[in-house]
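Step one of this worksheet: look at the structure below.
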Amino acid sequence: MACPASCLSPSPFIRQLLPTPTPFLTASCVALETFIFKAEAIHEAFPEANQICSSLTLTHGEAFIQGSSLSSRDHPLKELIECWDCIRSLVDKANDWLRKTSDVQIKSCESITWSACDPKKLGDSEQMVLTNSVTENGSTHFIRGLRLWLAPKPGCKAQVLGFTDFCPEGSDTIQSLINRVNVEIDRGTLKGRILSLETISAPVVNGNVECSETRWQLSANEDKPHAFCLRVFFCKQANIMATHIGVQDFVPFLGDEGYQGFSDLVERANSWLKGETDIRVTNMQSVMVQKNDGPHSETGSAAFYVIPGINCEHPRESFRILRVAFAKISPSEDGGDDMNICPFSYENFTPEIVTPRTDLKPKERMEKMKETFAKASSFLRSSGMDLICAETVMNPMQFVGDDDSAHNDEFDDDEIKLLLTIRLYVNGSSNYNHDGNSKQLISLRDVGSRRKFSEEDHPGPIFLSRVVTRNYKYRWAVLAGTIFTCMTIIVVVSVVYSNQ
């Protein structure tokens, strides 16, 4: 039976790399399964495609310390030193894998950050629910890895990935960082085709922006200074010079019904792109930024900001903006399909709760990355749309429904829960129903009761998009119910004894 035309659209798969603690190196990294024509083709080309890691597999090896390799003989004390890969060593690992893998093309790449209140829960690249501590004297642990979004492309030569970080200093803004990138491009230090211009958040420690760190810890009590850095990913090519880059931000406006949703930002971006004929969109990114004290249009321009601690008396408004990064078209570029992406749309793929039917005492669980990715890959195959770029979006979330206590063992009010979702930017219009506000709210919406689903059924979403706050409303209800129950028991016992 012939494969339909929609199946010919290459589906992406993921390669992701996690930083590794000394004295170990990660022996297994994740490549998610996808299907092109037939599954065997992928398995033959990518032996690890059907090996999904739920935790780090560790083997003895060399330790990478800020890009330098140390053996056991050179550093006898390394067994006592806990150090982690810097981003450069992760890129080196990615290039080692790319050299051994043919017929693939990098569609997008991103730095992805996992967080947990318990450091033992880090290292699982399949997890989709993260936690941040909001308890007194609590702390949150972070780990940052590299995620490559790849598409099969027969005959494609092995790509060599490069990157350069630009960190703010003094009174720098996002625009001044872009100017610095363009200065380096003019000097010829960036040779190759730019893949993405990524905005990453990095902690500021003792006045230093820790941009290259892949592991850090933050206290919940204290205000935490952070900075936005620009990370430029590019494919190294000696005969191609990078061209000037830029970004265009789309900030939600306030209307009669509240702030604009993300779909409104995409519509505005499409209108803007219609008048831009000399640029190539490298990537699109939804960035959480804090509202400036100045004009609304300047929201997102600041390079420095502060994440307030739990004792901060002045809350800060945050917005999810759409940042479109682009590069000027050079004469050497052939004007391929990625030169004109207008109109474009986006698709969100959300992890959902499933309940196994096979267990005698079924316990609900959240979908893993491989399951959510399978839905994204299926969409690309069935729709025939071309993938422009992809990103992993972090959404503040809250479990809601009739039985909120079902997850008390795993989540509590001393943690902020964050849900990772997949967002694909694709060519063409979409009929998908996009909802949710792009401005963070300070209260919960009424989303109705949650239904339970099995893995055989279509699972239902249970997260509340773009909502963040500590939720104490059930504590008072539980306390009142407990008091009422105790009083009832006392009255009943008194009546029984008085009758006797």
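With our numbering as the guide, the letters of the sequence shown map in order to residues 94 to 593.
Where a beta carbon is used, it is the ideal one built from N, C-alpha and C, also for glycine.
So, under 8 Å CB-CB, residue i and residue j are touching, yes? Tell me the CB distance rounded to an integer number of Å.
| i | j | result |
| --- | --- | --- |
| Thr375 | Ser289 | 5 Å |
| Leu183 | Phe259 | Wrong, their Cβ atoms sit about 18 Å apart, outside the cutoff. |
| Gly248 | Ser218 | In fact, because the Cβ distance is near 30 Å, the residues do not count as touching under 8 Å. |
| Tyr518 | Ile481 | 4 Å |
| Thr228 | Ala313 | 6 Å |
| Arg373 | Ala420 | 5 Å |
| Tyr439 | Val380 | Not really, about 15 Å apart at Cβ, beyond 8 Å. |
Would you list the residues sitting across from residue i in a DSSP beta bridge?
| i | result |
| --- | --- |
| Trp190 | Answer by DSSP bridge pairing: none, since Trp190 is not bridged. |
| Trp309 | Phe235 |
| Gly351 | Gly348 |
| Lys260 | Correcting the residue identity first, residue 260 is Cys in this sequence and not Lys. Note: Cys260 sits in no beta bridge, so no partner. |
| Tyr398 | His319 |
| Tyr590 | In DSSP, Tyr590 forms no bridge with anything. |
| Val519 | Ser438, Leu480 |
| Lys461 | BP columns for Lys461 are empty, so no partner. |
| Asn225 | Ile509 |
| Phe327 | Gly255, Ile287 |
Rounded to whole angstroms, what is the Cα-Cα separation between residue i and residue j?
| i | j | result |
| --- | --- | --- |
| Cys579 | Ser587 | 12 Å |
| Arg416 | Val197 | 27 Å |
| Glu189 | His407 | According to the sequence shown, residue 189 is Asp rather than Glu. Cα to Cα, the separation comes out at about 48 Å. |
| Ala335 | Thr282 | 9 Å |
| Thr581 | Asn592 | 17 Å |
| Pro401 | Glu410 | 11 Å |
| Phe235 | Glu457 | 26 Å |
| Glu303 | Ala396 | 14 Å |
| Val584 | Tyr590 | 10 Å |
| Asp178 | His337 | 31 Å |
| Gly300 | Glu306 | 15 Å |
| Val222 | Lys186 | 26 Å |
| Gly255 | Glu291 | 13 Å |
| Pro388 | Phe343 | 14 Å |
| Arg273 | Val340 | 13 Å |
| Asp496 | Arg240 | Annotation note: pLDDT 46 at Asp496 (below 50); position unreliable, no value reported. |
| Cys328 | Ser201 | 11 Å |
| Glu277 | Gly285 | 13 Å |
| Val382 | Ile434 | 26 Å |
| Leu511 | Met478 | 29 Å |
| Gln594 | Phe437 | Not covered by the structure: residue 594. The range shown for the chain is 94 to 593. |
| Ala467 | Ile509 | 27 Å |
| Asp507 | Asp279 | 50 Å |
| Leu191 | Arg181 | 15 Å |
| Ser294 | Ile267 | 12 Å |
| Ala483 | Glu315 | 34 Å |
Around the Cβ of residue i, are there at least 16 other Cβ atoms within 10 angstroms (buried) or fewer (exposed)?
| i | result |
| --- | --- |
| Gln252 | buried |
| Trp242 | buried |
| Ala362 | buried |
| Cys405 | exposed |
| Gly354 | buried |
| Arg516 | buried |
| Gln310 | exposed |
| Arg413 | buried |
| Ser226 | buried |
| Thr224 | buried |
| Thr370 | exposed |
| Val606 | Here the chain has residues from 94 to 593 only, and residue 606 is not among them. |
Under 7 Å from any heavy atom of the ligand SAM, does the C-beta of residue i make it?
| i | result |
| --- | --- |
| Lys213 | The ligand SAM is not part of this structure, which contains no ligands at all. |
Are the region 205–222 and the region 472–483 in contact at 8 Å, needing three or more beta carbon pairs?
no
Stretch-stretch touch, CB-based, cutoff 8 Å, three pairs: the region 447–462 with the region 317–333
no
Just checking, does the region 344–352 make contact with the region 260–267 on the three C-beta pairs under 8 Å criterion?
no
Whether or not the region 380–397 and the region 430–449 are in contact is what I'm after, with contact meaning three or more pairs of Cβ atoms, one per stretch, closer than 8 Å; do they touch?
no
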